[in-house]
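Protein sequence lines correspond, in order, to chains A and B. At position 185 of the first sequence (counting the first as 1) the number is 184 in numbering that gives the first Met the number 0, and the numbers step up by one without a gap. At position 131 of the second sequence (counting the first as 1) the number is 130 in numbering that gives the first Met the number 0, and the numbers step up by one without a gap. C-beta atoms are modelled at their ideal positions from N, C-alpha and C, and glycine is treated no differently. Worksheet: one structure, shown below.
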Amino acid sequence: MIQHPGILALLLASGLVTLLVVAAAGLGWQILRHWDQRSGTESQLALERRTYLVSALLSLALGVQVLSLFLFIFTADGLHSQFVGAMCAAGSLAAAPYGYTTLLLKVGTCLLAGAWIVLHRADIRAYDCPLIRPKFALLLGLAPLVLAETYFQTRYLTGLRADVMTSCCGSLFGQGREGIAAELAGLPPALMHPLFWGSLLAFALAGTWFLRSRRGALAFSLLGLAFFVIALVALVSVFGLYIYELPTHHCPFCLLHREHGFVGYPLYATLLGGALTALGVGVLAPFRSRTSLASVLPAMQVRLAWTALACAAVFTLIVGIWALVSPLRL
Amino acid sequence: MRPSLQRHRSVLDFALSSLLRRKGRNLALTAVYTLVVFVLASLVFFVQALKHEAGELLEHAPDMVVQRMVAGRHDPMPASQVEAIREIRGVEEAEARLWGYYYDPVYGGNLTVMASPDPTLLPGSARIGRGVARNMRVAEGDMVPLRGYDGLPLLFTIQQVLAEDSELVASDLVLLSPADVRTLFHLPEGLATDLAIKAGNPRELTTIATKIVEKFPDARPILKSEMLRTYEAAFDWRGGLMVVVLASAILSFIIFAWDKATGLSAEERKEIGILKSIGWESGDVLLLKFWEGAVVSLAAFLGGVLLAYGHVFFFSATLFEHALKGWSVLFPRFRLIPALDAYQITVLFFLTVLPYTAATLVPCWRAAMADPDSAMRS
Numbered sequence: 000m001i002q003h004p005g006i007l008a009l010l011l012a013s014g015l016v017t018l019l020v021v022a023a024a025g026l027g028w029q030i031l032r033h034w035d036q037r038s039g040t041e042s043q044l045a046l047e048r049r050t051y052l053v054s055a056l057l058s059l060a061l062g063v064q065v066l067s068l069f070l071f072i073f074t075a076d077g078l079h080s081q082f083v084g085a086m087c088a089a090g091s092l093a094a095a096p097y098g099y100t101t102l103l104l105k106v107g108t109c110l111l112a113g114a115w116i117v118l119h120r121a122d123i124r125a126y127d128c129p130l131i132r133p134k135f136a137l138l139l140g141l142a143p144l145v146l147a148e149t150y151f152q153t154r155y156l157t158g159l160r161a162d163v164m165t166s167c168c169g170s171l172f173g174q175g176r177e178g179i180a181a182e183l184a185g186l187p188p189a190l191m192h193p194l195f196w197g198s199l200l201a202f203a204l205a206g207t208w209f210l211r212s213r214r215g216a217l218a219f220s221l222l223g224l225a226f227f228v229i230a231l232v233a234l235v236s237v238f239g240l241y242i243y244e245l246p247t248h249h250c251p252f253c254l255l256h257r258e259h260g261f262v263g264y265p266l267y268a269t270l271l272g273g274a275l276t277a278l279g280v281g282v283l284a285p286f287r288s289r290t291s292l293a294s295v296l297p298a299m300q301v302r303l304a305w306t307a308l309a310c311a312a313v314f315t316l317i318v319g320i321w322a323l324v325s326p327l328r329l
Numbered sequence: 000m001r002p003s004l005q006r007h008r009s010v011l012d013f014a015l016s017s018l019l020r021r022k023g024r025n026l027a028l029t030a031v032y033t034l035v036v037f038v039l040a041s042l043v044f045f046v047q048a049l050k051h052e053a054g055e056l057l058e059h060a061p062d063m064v065v066q067r068m069v070a071g072r073h074d075p076m077p078a079s080q081v082e083a084i085r086e087i088r089g090v091e092e093a094e095a096r097l098w099g100y101y102y103d104p105v106y107g108g109n110l111t112v113m114a115s116p117d118p119t120l121l122p123g124s125a126r127i128g129r130g131v132a133r134n135m136r137v138a139e140g141d142m143v144p145l146r147g148y149d150g151l152p153l154l155f156t157i158q159q160v161l162a163e164d165s166e167l168v169a170s171d172l173v174l175l176s177p178a179d180v181r182t183l184f185h186l187p188e189g190l191a192t193d194l195a196i197k198a199g200n201p202r203e204l205t206t207i208a209t210k211i212v213e214k215f216p217d218a219r220p221i222l223k224s225e226m227l228r229t230y231e232a233a234f235d236w237r238g239g240l241m242v243v244v245l246a247s248a249i250l251s252f253i254i255f256a257w258d259k260a261t262g263l264s265a266e267e268r269k270e271i272g273i274l275k276s277i278g279w280e281s282g283d284v285l286l287l288k289f290w291e292g293a294v295v296s297l298a299a300f301l302g303g304v305l306l307a308y309g310h311v312f313f314f315s316a317t318l319f320e321h322a323l324k325g326w327s328v329l330f331p332r333f334r335l336i337p338a339l340d341a342y343q344i345t346v347l348f349f350l351t352v353l354p355y356t357a358a359t360l361v362p363c364w365r366a367a368m369a370d371p372d373s374a375m376r377s
């Protein structure tokens, strides 16, 4: 293991998040088993009080999770100079097993924890806590994911050995290589342009339809998630090339460097924020029929939908302007 | 203003006044918190600044240094090897260097003596670094004696004391003419200490290194990137080690914070009871506790970071200097160039604010859940 302050901070954070989420899941399990809204017993009151603790624990865990996602990428990026052949985070993540597994799990837990917070915020607005069971069922699903992430991150960080021959982003995301990452990066602009703009149009139309009629929330959410996944692939395969001004450089991490104006931060923040809010609209959709939520949910969904659309717009604006002003023509 | 924002503002207002009501206790907490942030921040900033400095210095280092190894130890290189290496395709410049270490028995320091290719440095004269000048208490125009290999003293006139901005690399440096270095160390003509290589294309360096080793199996090529990597690893390791050592300090602080948050005074209990009885919900009390924690954390974090900035960049990190830099009689005096970014601040945040928040969460919740009647009665 490399004794790096960033690595120590990441290990500390994942340990704390695990502790918070496991504690929350334990409380959640008790709530799931013994919750009875109509009961006025001492134990029911105690359970109701515990819901506050669970929400505080998870809000903190989610905040830390989002921050640690960026800290993880940045630490991997900063460590690249210690591995022969690595030029950015792509090389550092490949320098030990489970680097990419950890990254994917981090994104996954961020999205799920976000969905939980959305459910929770809707739940506390209603007088009878109608979402208590789905909320805590989701929490029980989230806990193993967080545990897995902590396990893989610890394996990855403790497995890092300085001076290991690793591949740089050129060979991981380069064209003509094998593997899913390279396949996605090698997708041609002729395919990605229509796919990206088509999915953006579909997402915008679904958004307009939803905002006008308050219907089609699930379709809006699915189209939104599809758009943000396609946008990520398009960023690596096409839009990144305009930013790097190189027709062969497909790296998702070099975007975070100073020489590209740190453009990766707003891009990834809008992708993550957009996916989170689009997911939130869909997560709330099945519960609109509950009477106590009827007055709360539509307004929440509209706000989430607006945020998702705004994220998509900002992302498109940034990559669009870059593609226009870039001297590279594909 | 939007109602939700207004709510936060009012709660924050209340949190500030409630913190001020218990000035002594909160000031003690903030002071200890600030101290923890200060120590950690000084460490992180100092390591970062040293890494930055090392990177800047190595910018001007040769792309590759080739040494000759005999019985696992560094040995002078014959000129024939130097010529053969110069002819390898891709080598733009190859400079045979002459240098060595000299222990000064009078002042007790180790000097680095190096031959300067500059023809204006005449035999019998020397250019010395600031550290040497300070240690020997000499100035330009003075004479310094150095003991040759045979014990006889050689006298050198100081032509120049090297500029202050080169102190980090040149503090212990003595530059002599090549002939003087050979006389001082008894190095025969036709031998060089090592070889500094510049490649036209840095990407060819590994190929050049492979060719050198193929041709001369006793040669050891050291790449600039390897040196950089070693420096980075060494500084990271020292910084990480100090963080591990300081973990006990962080832990005791967490216990202190936990204790402070758990031990609510009777007055505070009463206050929460009254708030709840006049209509505050548990969520509001939690929000109040959150804002109290945020104010303390923010004040301590900002204070600690600012103090650490001053400590590292204005006072050259007096407290950790020796642990992190190493020490020597002729140690360079230098002021570090501020080099920090959002990453360092985030790492610090993770190492200090996060454990504090996690430790105070459960006690805050307990406080917020108290029953109004029992709280007021207690």
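Sequence-distant Cβ neighbours of B:Pro201 in its own chain, meaning closer than 7 Å and more than five residues away, are Asp62. DSSP, reduced to helix, strand and coil, places B:Ala27 within a helical segment of the structure shown.
A:Gly25 has a beta carbon lying at 9 Å or more from every beta carbon in chain B. Put simply, the CB of A:Leu266 is far from chain B, with every gap to its CB atoms at 9 Å or more. Listed along chain A, the residues sitting closer than 9 Å to B:Arg228 by beta-carbon distance are Ser80, Gln81, Phe82, Val83, Ala161, Asp162. If the five residues before and after B:Val10 are omitted, its C-beta is found closer than 6 Å to the C-beta atoms of Leu286, Leu287, Trp290, all from its own chain and listed in chain order. The beta-carbon separation of B:Val131 and B:Val81, rounded to 29 Å, does not stay under the 8 Å limit for a contact. About 4 Å separates the beta carbons of A:Phe209 and A:Phe219, which is inside the 8 Å limit, making them a contact pair. Contiguous alpha helix (DSSP H) elements confined to the stretch 98-179 of chain B occur at 129-135, 166-169, taking only those with 4 or more residues. When DSSP states are grouped into helix, strand and coil, B:Met375 belongs to the helix group.
The continuous stretches of alpha helix (DSSP H) do not include A:Glu258, and DSSP gives it neither H nor E. A distance below 9 Å separates the beta carbons of A:Phe227 and A:Gly273. Straight-line spacing of the CA atoms in B:Phe155 and B:Val168 works out to 22 Å. Assignment of B:Ala195 by DSSP, reduced to helix, strand and coil, places it in the strand class. The three-state secondary structure of B:Asp12, taken from DSSP, is helix. Sorting B:Glu213, B:Leu145, B:Lys197, B:Val35 by C-alpha distance to the C-alpha of B:Val180 places B:Leu145 at the top. Taking a Cβ-Cβ threshold of 7 Å, the residues of chain B close to A:Val63 are Leu353, in chain order.
Taking the beta carbon of B:Leu297 as reference, no residue of chain A falls within 9 Å; the closest one sits roughly 15 Å away.
Taken in chain order, the complete alpha helix (DSSP H) segments of 4 or more residues contained in the stretch 63-141 of chain A are 88-93, 98-124. Taking C-beta atoms as the reference points, A:Leu221 and A:Ser198 fail to come closer than 9 Å. Sequence-distant partners of A:Leu31 (beyond 5 residues in either direction) whose C-beta falls short of 6 Å from its own C-beta, in its chain, are Phe135. For B:Trp257, the nearest beta carbon of chain A is not closer than 9 Å to its own beta carbon.
The beta carbon of A:Tyr155 sits no closer than 9 Å to any beta carbon of chain B. Under the Cβ distance rule, B:Glu231 counts among the residues neighbouring chain A, one pair being separated by less than 9 Å. For B:Ala260, the uninterrupted alpha helix (DSSP H) segment begins and ends at 223-261. Under the DSSP assignment, A:Val313 falls in the alpha helix (DSSP H) whose first and last residues are 296-324.
When the alpha-carbon of B:Arg228 is set against those of A:Met86, A:Leu327, A:Phe238, A:Leu316, the nearest one is in A:Met86. Taking 9 Å as the CB threshold, B:Phe300 stays off the interface with chain A.
From the beta-carbon of A:Phe252, no residue of chain B is found nearer than 9 Å; the closest lies around 14 Å away. At the C-beta level, B:Ser281 and B:Met226 stay beyond 9 Å of one another.
Taking the Cβ atoms as the reference, A:Ile317 lies roughly 6 Å from A:Leu266, within the contact range of under 8 Å.
Under the DSSP assignment, B:Val284 falls in the alpha helix (DSSP H) whose first and last residues are 281-312. Judged by DSSP secondary structure, A:Met191 falls within the alpha helix (DSSP H) whose first and last residues are 188-212. By the neighbour-count criterion, in which a residue is buried when 16 or more other Cβ atoms sit within 10 angstroms of its Cβ, A:Val324 is exposed.
In the three-state reduction of the DSSP assignment, B:Leu190 falls in the strand class, which pools E and B. Residue pairing by DSSP places B:Gln66 opposite B:Arg219 in a beta bridge.
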